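Written out below as structure tokens is the structure these notes cover.
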Amino acid sequence: MAIKSKVKKSKFSVNKERTSNKAVICARVSTTDQEDNHSLVAQRNRLIEYCKRNRFEIIKEFEIVESSTKGDRPKFQEMLQFIEEQKEPINLVSDKVDRLQRSIMDIGKIDDLVKYHNMALHFLDIGRLDNDSNASQKAFYRIAVVFANAYTDAISDNVKRSIGKKLKEGTILGPATLGYINKERPNKKLEPNAIVLLDPVRAPLVKRMFEDYATGAYSIKQVMQNATKAGLRTLKGHKLSHSTVEGILKQPFYYGFIQSGGELYKHRYEPLITKELFDICQDIRAGKTTDKTRIPKTEEDFTYRGLIRCHHCKCVYTPDPKKGGRYIYMKPTKSQGDCEFCKNTNENVINEQIEHIIKELTITKEALEAIKPELKKVLEENKSLNEIKFDELNKKLKNIEKRQEELIESLTEEQNDQSITLDEIQKMNTVLSMKKTQIQDELLSLDINNTSTRNQILTIFELAEGMYDIFESSNNIKKRELIKILFSNLELSGLNLHYSLQKPFDLLQKKEGQPVWLPNMPLFLTESHQEIQNFHKIYSSKLSA
């Protein structure tokens, strides 16, 4: 329901009965913290007691949790409109003037209700104000509003000064960012400044995110995935989102500065990373190539540049050419300190192990031909399931659209029942729209005839049939692309390679000489469908170029 901007003149004359025993009580706090602290309950109890003493009948209670100076204040406007719509004068009862209003802009609205609707104001501290009040009483009320407004301005100035002082002292303004923790202060008067320490669990994982990204070998999405696999979660236990990781990588707090109002202020806490590492990450985000980049490049690039870590300390290995580039050694950065397992490793040692793994993934031409009829059978079964799912999704979609139509109808009808507000209707419609979009996306992605799915799966097996030959005959750049597509993780323990395969290639690996996917083709399809789609896009754009 729209809030009217102006108060209309009442249908009854101001010369008729000016008083009634009907009352509306208004209790307000500025923040949810005050609400939790039972400030509203205390106000409400005092107001109810006042109404009992004056034999008022309370017809409506408004408990408002919003600032008296910000915007239109929907709940406050709702209260004024309710009073305006009543057929007899209302007694508006509030604890103090500043509990009802601190903005001078509200005086006109209140005055109109008093003048045209015979509303009477009752404040527990200064008394009653109505049409019969004299000029002195009305002036006193206005002065009280002015003082309340001045008090608000003073609070705002004090807050700004306090923030400025804290920034100059290098004190954090809110809760610690991810990778740090706030230490409890038993006596905040003796310890006024927040104590922030490195989080022993999360800090190393956040630092690794910067180190990963600084190699230039990982996208923000890959950094996010690696951090999630390593167990990094928010303080509330949630997985990191893409935007959260992006925000972390451009947060100067980690190298020693607080950012506020476009300015940087040096903080008093222990930095997690160096300014140099931070700058490298910013250059990579901006698409710049600088001398600061820690991993060297050549025209052909190095095959394993930024792709290998130590299995134990997790430091990155970098290529180190020897004898004019005739030999390439992978050299550990030892960024986590000395590690007995970190060893300079000849690239050929790694190549031999990678080639062995790729041979395990490679299938014969005969196997490829045998797969096709089996694939057709599985896809036929899957088509029936997709048709059932298509019908179910369409049914859900129609139910949502019907519910949205009902909400629209409820907006056009007169609503004497105030149990549901416009804001609540809008929220419900937003939730329904989100569900509708999700279902529409599912319908679009549903490949009923399985044509796209068949082509994508065949692409995987066709690659698997020629995978070893591709690797052997490719230059460093193409080998690197193939490795990134096949492997989600490569780590060295001494000279031994540890690895994890990307989906769906983990299903191509042989066990006891037999591919694990052969008796489980339905599993290959259902569990790896999205990964197959993702691979197909990457393969088409990179390896086929």
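To convert, note that position 403 of the sequence shown is 403 in UniProt numbering; the numbers rise steadily by one, no gaps. Every residue gets a Cβ at the ideal spot worked out from N, C-alpha and C, and that includes glycine. Computed from a predicted model, the values in this text were never measured in an experiment.
Which same chain residues end up closer than 6 angstroms to residue i when comparing Cβ atoms and leaving out the 5 residues on each side of it in sequence?
{"i": "Tyr468", "result": "Ile358, Lys359, Thr362"}
{"i": "Arg28", "result": "Ile64, Arg99"}
{"i": "Ile59", "result": "Lys22"}
{"i": "residue 562", "result": "Outside the displayed span of the chain (1 to 545) sits residue 562, for which this structure offers no information."}
{"i": "Val139", "result": "A small fix is needed here, since residue 139 is Ala in this sequence, not Val. Cβ within range, chain order: n/a, list empty."}
{"i": "residue 546", "result": "Residue 546 falls outside the range modelled here, since the chain spans only 1 to 545, and no answer is possible."}
{"i": "Asp320", "result": "Tyr329, Lys331"}
{"i": "residue 547", "result": "The shown model of the chain, from 1 to 545, leaves out residue 547, and the question about it has no answer."}
{"i": "Ile439", "result": "Leu393, Lys396, Leu397"}
{"i": "Phe278", "result": "Tyr255"}
{"i": "Cys313", "result": "Gln336, Cys339"}
{"i": "Gln259", "result": "Pro252"}
Out of the options, which one is the CA nearest neighbour of residue i?
{"i": "His242", "options": "Leu232, Leu249, Lys221", "result": "Lys221"}
{"i": "Ile280", "options": "Phe210, Cys26, Lys372, Glu84", "result": "Phe210"}
{"i": "Glu276", "options": "Leu249, Gly261, Glu380", "result": "Leu249"}
{"i": "Leu129", "options": "Gly237, Asn91, Leu375, Glu169", "result": "Asn91"}
{"i": "Asn131", "options": "Asp199, Thr274, Tyr116", "result": "Tyr116"}
{"i": "residue 564", "options": "Lys484, Lys427, Ser20, Asp106", "result": "The structure shown does not extend to residue 564, since the chain is modelled only from 1 to 545, so the question has no answer here."}
{"i": "Leu178", "options": "Leu240, Glu374, Phe487", "result": "Leu240"}
{"i": "Leu463", "options": "Glu78, Leu482, Asn475, Ile308", "result": "Leu482"}
{"i": "Leu497", "options": "Val97, Gln426, Ser473, Arg309", "result": "Arg309"}
{"i": "Glu61", "options": "Gln77, Arg44, Tyr50, Lys87", "result": "Arg44"}
{"i": "Val223", "options": "Gly306, Ser260, Arg55, Asn429", "result": "Gly306"}
{"i": "residue 553", "options": "Arg142, Glu78, Asn54", "result": "What is shown of the chain runs 1 to 545, which leaves residue 553 out entirely."}
{"i": "His311", "options": "Lys427, Lys266, Ser500, Leu407", "result": "Ser500"}
{"i": "Glu366", "options": "Ala194, Leu264, Gly466, Val316", "result": "Gly466"}
{"i": "Tyr213", "options": "Asn226, Ile258, Glu263, Ala203", "result": "Asn226"}
{"i": "Val316", "options": "Ser335, Glu380, Phe302", "result": "Ser335"}
{"i": "Ala286", "options": "Gly262, Lys377, Glu246", "result": "Glu246"}
{"i": "Lys479", "options": "Leu407, Tyr304, Asn429", "result": "Tyr304"}
{"i": "Ala203", "options": "Glu184, Gly231, Tyr218", "result": "Gly231"}
{"i": "His356", "options": "Arg55, Leu205, Glu472", "result": "Glu472"}
{"i": "Thr318", "options": "Arg233, Leu492, Ser474", "result": "Leu492"}
{"i": "Phe76", "options": "Arg53, Gln101, Leu507", "result": "Gln101"}
Near residue i, which residues of its chain fall below 7 angstroms by C-beta distance, leaving aside the five closest residues on each side in sequence?
{"i": "Pro271", "result": "Tyr254, Tyr255, Gly256"}
{"i": "Gly494", "result": "Phe341, Lys343"}
{"i": "Asn351", "result": "none"}
{"i": "Lys166", "result": "Leu173"}
{"i": "Leu113", "result": "Val7, Leu80, Ile83, Glu84, Met119"}
{"i": "Gln137", "result": "Leu129"}
{"i": "Asn346", "result": "Tyr327, Tyr329"}
{"i": "Ile107", "result": "Arg142, Val145"}
{"i": "Asp125", "result": "Lys96"}
{"i": "Phe123", "result": "Ser94, Lys96, Val97"}
{"i": "Ile273", "result": "Lys207, Phe210, Tyr254, Tyr255"}
{"i": "Asp199", "result": "Gly179, Tyr180, Ile181"}
{"i": "Asn416", "result": "With a pLDDT of only 44 at Asn416, under 50, the local geometry of the prediction cannot be trusted, and no value is derived from it."}
Let's see if you can read the secondary structure: which residues bound the beta strand (DSSP E) around residue i?
{"i": "Val201", "result": "Per DSSP, Val201 belongs to no beta strand (DSSP E) and is neither H nor E."}
{"i": "Pro332", "result": "327 to 332"}
{"i": "Tyr317", "result": "317 to 322"}
{"i": "Arg28", "result": "22 to 29"}
{"i": "Tyr116", "result": "First-last for Tyr116: 107 to 117, but that is the alpha helix (DSSP H), not the beta strand (DSSP E)."}
{"i": "Ser241", "result": "Here Ser241 belongs to no beta strand (DSSP E), and DSSP marks it neither H nor E."}
{"i": "Phe505", "result": "Phe505 -> no beta strand (DSSP E), and no H or E assigned at all."}
{"i": "Phe341", "result": "From DSSP, Phe341 is part of no beta strand (DSSP E); its letter is neither H nor E."}
{"i": "Lys60", "result": "57 to 65"}
{"i": "Glu263", "result": "263 to 266"}
{"i": "Gln259", "result": "257 to 260"}
{"i": "Leu173", "result": "No beta strand (DSSP E) contains Leu173, which DSSP labels as neither H nor E."}
{"i": "Tyr180", "result": "180 to 183"}
{"i": "Leu92", "result": "91 to 94"}
What are the boundary residues of the alpha helix (DSSP H) that residue i is part of?
{"i": "Asp125", "result": "Careful: Asp125 lies outside any alpha helix (DSSP H) and carries neither H nor E."}
{"i": "Phe76", "result": "74 to 85"}
{"i": "Ile284", "result": "275 to 285"}
{"i": "Asn226", "result": "220 to 229"}
{"i": "Leu100", "result": "97 to 100"}
Going along the chain, which residues of its own chain have a beta-carbon closer than 8 angstroms to the beta-carbon of residue i, five neighbours each way excluded?
{"i": "Ile48", "result": "Ile25, Ile58"}
{"i": "Lys322", "result": "Ile328, Tyr329"}
{"i": "Lys236", "result": "none"}
{"i": "Leu407", "result": "Ile425, Met428, Asn429, Leu432"}
Continuous alpha helix (DSSP H) assignments of at least 4 residues falling wholly in the stretch 476 to 503 = 476 to 486
request  = Please determine if the stretch 431 to 442 and the stretch 393 to 408 are in contact, where contact requires at least 3 C-beta pairs separated by less than 8 angstroms.
outcome  = yes
task = Taking 8 angstroms as the threshold, find out whether the stretch 369 to 381 comes into contact with the stretch 476 to 489 through three or more Cβ pairs.
result = no
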